[in-house]
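Everything on this sheet refers to the single structure shown next.
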Amino acid sequence: MTADFSWIQPHPHGIYIAPADCWIDPSRAVETALVTHGHADHARGGHGTTIATPETLAIMKLRYATDDGATPALYGETITLPGQVRATYTPAGHVLGSAQILLEHAGERVVITGDYKRRSDPTCAEFAVTPCDVFITEATFGLPLFIHPPIAGEIATITDALAAHPERSVLVGAYALGKAQRVIAELRAAGHTDPIYLHGAMEKMCALYQEHGVDLGDLRLVADTEKDAMRGQIIICPPSALNDRWARRMPDPITAMASGWMRVRQRARQRNVELPLIVSDHADWTELTQTIEDVNPQETWITHGREDALLRWCELHQRKGRALAMIGREDEDE
Ligand SMILES: [Zn+2]
Ligand SMILES: [Zn+2]
Numbered sequence: 000m001t002a003d004f005s006w007i008q009p010h011p012h013g014i015y016i017a018p019a020d021c022w023i024d025p026s027r028a029v030e031t032a033l034v035t036h037g038h039a040d041h042a043r044g045g046h047g048t049t050i051a052t053p054e055t056l057a058i059m060k061l062r063y064a065t066d067d068g069a070t071p072a073l074y075g076e077t078i079t080l081p082g083q084v085r086a087t088y089t090p091a092g093h094v095l096g097s098a099q100i101l102l103e104h105a106g107e108r109v110v111i112t113g114d115y116k117r118r119s120d121p122t123c124a125e126f127a128v129t130p131c132d133v134f135i136t137e138a139t140f141g142l143p144l145f146i147h148p149p150i151a152g153e154i155a156t157i158t159d160a161l162a163a164h165p166e167r168s169v170l171v172g173a174y175a176l177g178k179a180q181r182v183i184a185e186l187r188a189a190g191h192t193d194p195i196y197l198h199g200a201m202e203k204m205c206a207l208y209q210e211h212g213v214d215l216g217d218l219r220l221v222a223d224t225e226k227d228a229m230r231g232q233i234i235i236c237p238p239s240a241l242n243d244r245w246a247r248r249m250p251d252p253i254t255a256m257a258s259g260w261m262r263v264r265q266r267a268r269q270r271n272v273e274l275p276l277i278v279s280d281h282a283d284w285t286e287l288t289q290t291i292e293d294v295n296p297q298e299t300w301i302t303h304g305r306e307d308a309l310l311r312w313c314e315l316h317q318r319k320g321r322a323l324a325m326i327g328r329e330d331e332d333e
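Residue 183 in numbering that gives the first Met the number 0 sits at position 184 of the sequence shown; the count goes up by one each step and never skips.
What follows is the structure, given as structure tokens:
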């Protein structure tokens, strides 16, 4: 049988599964959506039916205050869609509840990764290599210069700064869904037992993680704390709060930011970040290329990011590649 794959149709605003009349991560409201994870560039409210993991549905309910048509899909469970399409959600290792979606139809297997990483992360299930014919991957950090360092060293940068300046505080900018909780969990794993202070915008998502069994230890709100009580302590806030009036109320803060983009010095300078922490929830160049080799598909389709270099890599390795040019999927604060 000749590979065809015409039943799976990439559009700039989502991937359409023609025989099932369903969309994957559509950026506009549709009748039936299969959602990989809770980040706003993949999940939105207003669909008739939303099929996602229970964790992703909980995140979407928190963000959009609605759960109309929420249909849970557990990791490893196979769901039958109309048009003889089967969908199975497998872990993507990106944030709590994040999934790859395996679609099977007419003897063909297609995997859509959503966003993913291969590094260990105490806040979510580890990426599962899922063999398929077409592998549809992200490429946020798809350039050979993007090699993320081990996270332990980045976490030590925070605790070393505190040890050297016990009268100050360390203010860490981190994306409110995923990055913030991962940084906190890694601090705990490194033996940091002091309370960690949160900007109000972090509170509900951290509570959601803890309700789903991710232990983040003693968390307190900046708003409930005297300024001097936060000397020698770690404070977590959204990246947007690092340079606003709110940050000036912290006790003599050393500013840090946890993001894969901190590899780019200019981005750290733009935000006046003293401690750039290279912590990413996306696959780096090594992880992207290794994953294509591990999955070993007939074709690799690239949804978003720096697709040119990854396409070139596919060519050099005699692999069939295709750029899909999906719009609106850049994670600025990743
Ligand atoms: Zn994401
Ligand atoms: Zn994304």
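Even glycine gets a Cβ: it sits at the ideal position worked out from N, Cα and C.
Could you give the DSSP three-state label for residue i: helix, strand or coil?
| i | result |
| --- | --- |
| glutamine 265 | helix |
| glycine 96 | coil |
| cysteine 236 | strand |
| tyrosine 208 | helix |
| isoleucine 326 | coil |
| glycine 199 | helix |
| alanine 175 | coil |
| alanine 32 | strand |
| leucine 218 | strand |
| alanine 188 | helix |
| tryptophan 22 | strand |
| glycine 259 | helix |
| threonine 48 | strand |
| glutamine 83 | coil |
| threonine 1 | Confidence is the limiting factor: at threonine 1 the pLDDT is only 48, short of 50, which leaves the residue's position unreliable, though a coordinate-based value still follows. Three-state result, threonine 1: coil. |
| arginine 270 | coil |
| glutamine 180 | helix |
| tryptophan 6 | coil |
| leucine 309 | helix |
| arginine 167 | coil |
What does a CB cutoff of less than 6 Å around residue i pick up in its chain, not counting 5 residues either side in sequence?
| i | result |
| --- | --- |
| threonine 254 | Leu170, Leu241, Val272, Glu273 |
| arginine 308 | Residue identity differs from the one stated: residue 308 is alanine in this sequence, not arginine. Once the five neighbours on either side are set aside, the close Cβ partners of alanine 308 are Gly141, Leu142. |
| glycine 75 | none |
| glycine 152 | none |
| serine 279 | His147, Gly259 |
| glycine 68 | Gly47, Thr48, Thr49 |
| arginine 181 | Asp120, Thr122 |
| cysteine 313 | Thr299, Gly320 |
| glycine 304 | Glu137, Ala138, Thr139, Gly141 |
Around the C-beta of residue i, are 16 or more other C-beta atoms found within 10 angstroms, so that it is buried, or is it exposed?
| i | result |
| --- | --- |
| glutamine 269 | exposed |
| threonine 1 | The predicted model places threonine 1 with a pLDDT of 48, which falls under 50 and marks its position as unreliable; any figure quoted below should be read in that light. It is exposed - the Cβ of threonine 1 has fewer than 16 other Cβ atoms within 10 Å. |
| histidine 316 | exposed |
| histidine 10 | exposed |
| arginine 27 | exposed |
| leucine 276 | buried |
| glutamine 265 | exposed |
| proline 90 | buried |
| glycine 327 | exposed |
| glutamate 286 | buried |
| glutamate 54 | buried |
| alanine 228 | exposed |
| glycine 45 | exposed |
| proline 81 | exposed |
I'd like the list of long-range same chain contacts for residue i, defined as Cβ closer than 7 Å, with 5 residues on each side in sequence excluded.
| i | result |
| --- | --- |
| lysine 226 | Arg248, Pro250 |
| alanine 188 | Pro121 |
| tyrosine 15 | Gln8, Trp22 |
| glycine 13 | Trp22, Ile23, Asp24, Pro25, Ser26 |
Please name the residue, chosen from the options, that lies closest to residue i on a Cα-to-Cα basis.
| i | options | result |
| --- | --- | --- |
| leucine 323 | Thr65, Leu310, His198, His316 | Leu310 |
| glutamate 30 | Thr49, Ala228, Gly13 | Thr49 |
| histidine 93 | Ala184, Lys116, Arg264 | Lys116 |
| aspartate 214 | Met229, Ile183, Gly231 | Ile183 |
| glutamine 83 | Ser97, Pro71, Ala105 | Ala105 |
| histidine 164 | Thr192, Arg43, Arg230, Pro71 | Arg230 |
| threonine 302 | Asp114, Pro237, Pro130 | Asp114 |
| leucine 176 | Ile58, Pro81, Arg318 | Ile58 |
| glutamate 306 | Thr77, Tyr63, Ile135, Met201 | Ile135 |
| alanine 124 | Gly212, Pro296, Thr290 | Gly212 |
| proline 194 | Thr65, Ile233, Asp159, Ile100 | Ile233 |
| glutamate 185 | Arg118, Arg318, Thr77 | Arg118 |
| methionine 334 | Asn295, Ala222, Thr192 | The shown model of the chain, from 0 to 333, leaves out residue 334, and the question about it has no answer. |
For residue i, which residues of its own chain have a beta-carbon under 8 Å away from its beta-carbon, when the five flanking residues on both sides are left out?
| i | result |
| --- | --- |
| phenylalanine 4 | Glu107, Val109, Asp132, Val133, Glu298 |
| leucine 61 | Lys203, Met204, Leu207 |
| alanine 155 | Ala189 |
Beta strand (DSSP E) segments (min. 3 residues) lying fully within the segment 110-156:
133-138
Check your reading: residues with Cβ closer than 5 Å to ligand 4 heavy atoms:
Looking at this structure, you won't find ligand 4 anywhere; what it does contain is ligand 1 and ligand 2.
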